[in-house]
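For our numbering, add 12 to where a residue sits in the sequence shown, where the first one is 1.
All residues carry an ideal CB built from backbone N, CA and C; glycine is no exception.
These notes are about the structure you will find just below.
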Amino acid sequence: RINKLFKAMDPDMKGLVGFYALQEGLKKLTHLKPQIHLSSDDFQRITKNGELCNGKGQLDPRNFELMMREEVSKFLQSRIAQVYEDCTQNQDHETAATLGGLKLLTRRDTLVEAASHDVLVSKVQAAVATSLAGIVEGVKGSVHEALCTALQGVRQELRSELRGLRAELQSVKAGLHEVRLQARQSPVITQPVGRDPIPSSHRRAILTLNPRRRLAGIMPLHASLRPQDLCD
């Protein structure tokens, strides 16, 4: 009957029933007197503040059945309590005892279902916690391994760069040493500042010659003579 009721509340056959669909479906049950008007507060109460609903506030067939069973159980307990009170006042002890036992049975079923739900939730939470712990450990291991691999690569690159720098430094040192040796083996002859590169006696002899003979006489006299020295 609960399954037929769910289908009546789900005319689109989507397999889900929300607040408005349930509200309109209950209004169509014309054989119920008085007519049931479902408010949003009622919907929150019977769905345990939305715990039985999905993210869109809808009930699937299984949770709809759980909701209806709990509401029927609460209704039966309320009716049994009322009849039990009437039987006690009328001193109908036999009927009262029967109703008391029936009330205990209905309460037991509700408590067993609630306890089973709590146990199931605890098991699911424990399984999720274990899975999360395993995932976290796996992620830690992967990150640690990746970091170690990256650091190893950086170390190898640094070592290679250092070897290249050392080789370049050795080459520079060898070049400097060779330059120093060559400088020591080749003495440098310097000309004092302000001294005339051509002696005065030679200069007077050159000036008495004609230009062509001057040039011819300059080269053998002083090979280091520069053109600007002739213009002095």
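Next on the checklist: I'd like to know if the stretch 58-70 and the stretch 30-41 are in contact, where contact means that at least 3 CB-CB pairs between them fall below 8 Å.
Outcome noted: yes
Checklist entry - If you drop the 5 nearest sequence neighbours on each side, which residues of the same chain put their C-beta closer than 6 Å to that of P73? => result F18
Checklist entry - Between G37, M79 and Q47, which lies nearest to Q56 when the distance is taken from Cα to Cα? => result M79
Checklist entry - Who are the Cβ neighbours of K86 in its own chain at under 6 Å, not counting the five residues just before and after it? => result none
Item to check | Backbone CA spacing between R91 and V84 [nearest angstrom] | outcome: 10 Å
Checklist entry - In whole angstroms, what separates the C-alpha of D22 from that of K16? => result 10 Å
Next on the checklist: For the ligand NAD, I want to know if S154 counts as a neighbour, meaning its beta carbon is within less than 8 Å of at least one of the ligand's heavy atoms.
Outcome noted: Ligands displayed in this structure: none; no statement on the ligand NAD is therefore possible.
Checklist entry - Exposed or buried, which one is T161 when buried takes at least 16 other CB atoms within 10 Å? => result exposed
Next on the checklist: How far does the alpha helix (DSSP H) with K16 in it extend, from its first residue to its last?
Outcome noted: I14 to M21
Next on the checklist: Residues in the same chain with beta-carbon distance under 6 Å from I48, minus the five sequence neighbours each way, listed in chain order, please.
Outcome noted: L38
Item to check | Test: R178 CB closer than 9 Å to a CB of chain D | outcome: Structure shown: chain D not included; a single protein chain is present.
Item to check | Buried/exposed call for A179, threshold 16 Cβ in 10 Å | outcome: exposed
Checklist entry - Roughly how many angstroms separate the alpha carbons of R167 and H189, rounded to a whole number? => result 33 Å
Checklist entry - CB-CB under 6 Å to M231, same chain, minus the five flanking residues each way: which ones, in chain order? => result Here M231 scores only 47 on pLDDT, less than 50, and its place in the model is too uncertain to base an answer on.
Next on the checklist: Pull the bridge partners of V29 from the DSSP assignment, please.
Outcome noted: L71
Next on the checklist: Quick check on L170: buried or exposed, where buried means 16 or more other Cβ atoms within 10 Å of its Cβ?
Outcome noted: exposed
Checklist entry - Got a sec? Which residues, its chain only, sit under 6 Å from N75 by beta carbon, not counting five neighbours each side? => result L64
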